[in-house]
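Following this line, the structure appears as C-alpha cells:
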C-alpha cells in the first residue's frame, strides 16, 4: 500500500533499496541465504512476544467503558444516543437536587466546616497555625507550673 502511494505521489522516482527493505518488499541481504529463514522466524517470534506483552497490559473493555473511552455494546447504535441523553438528563437531575439541598454558609459555620474569620483566605491558614501554637504554649505553661505530687499529698488532695 505504501509503495503504491509513493509511486502515485512520485511516479518517476525510483525507490531506494533501503526503502524497499523497510516496506517489506525486499528482504534484507545482510545475512547469508542459509540464515535468512532463521532470521525471519526470530523476527516473527520477537513480534509475537511484543504483541503478547502489549495485549497482556491492555485495559479491559469494562475499564475503557468506565472511562468513557468506549461505549457499551449492549444497545443497538440507534438506541445508544437515546441512552446517552437519558444518562445526561439523570445526572443533571441529580446535580440539581444536590445543589438545592446544599447547606448554606451559616450551617457550614455552625458545623465548624468553614471558619467565620474576617481574614483573607491566604491568611486563614497562618491564623490557624498561630492559634494552635498558642494552645501548645498554654499547655506547656500549665504543665510546667502544676503542683508537685508531694505537695498534693500533703495538702490532702490525693
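Numbering (our numbering), first residue to last: 1228 to 1385.
Even for Gly, the Cβ is constructed at its ideal location relative to N, Cα and C.
* Going along the chain, which unbroken runs of the alpha helix (DSSP H) with 4 or more residues stay wholly within the stretch 1304–1384? -> Taking only runs of at least 4 residues, the alpha helix (DSSP H) segments lying wholly in the stretch 1304–1384 are 1304–1327, 1332–1337, 1348–1371, 1376–1382.
* Once you ignore the five residues that flank residue 1248 on each side, which residues in its own chain have a CB closer than 6 angstroms to its CB? -> Cβ within range, chain order: 1255.
* CB residue 1376 to CB residue 1385, shorter than 9 angstroms? -> Yes, these two residues count as a Cβ contact at 9 angstroms.
* Determine the contact status of residue 1310 and residue 1297, defining contact as a CB-CB distance below 9 angstroms. => Not closer than 9 angstroms, so no.
* **Which of helix, strand or coil DSSP assigns to residue 1243** => Three-state result, residue 1243: coil.
* Cα separation between residue 1346 and residue 1338? -> Each residue's alpha carbon lies about 19 angstroms from the other.
* To do: Could you tell me the distance, in whole angstroms, from the CA atom of residue 1323 to the CA atom of residue 1270?
  => Going from the Cα of residue 1323 to the Cα of residue 1270 covers about 59 angstroms.
* How long is the line joining the alpha carbons of residue 1354 and residue 1383, rounded to whole angstroms? -> The alpha-carbon separation between residue 1354 and residue 1383 amounts to approximately 43 angstroms.
* Asked: Does the Cβ-Cβ distance between residue 1361 and residue 1351 come in under 9 angstroms?
  -> In terms of Cβ geometry, residue 1361 and residue 1351 do not form a close pair [threshold 9 angstroms].
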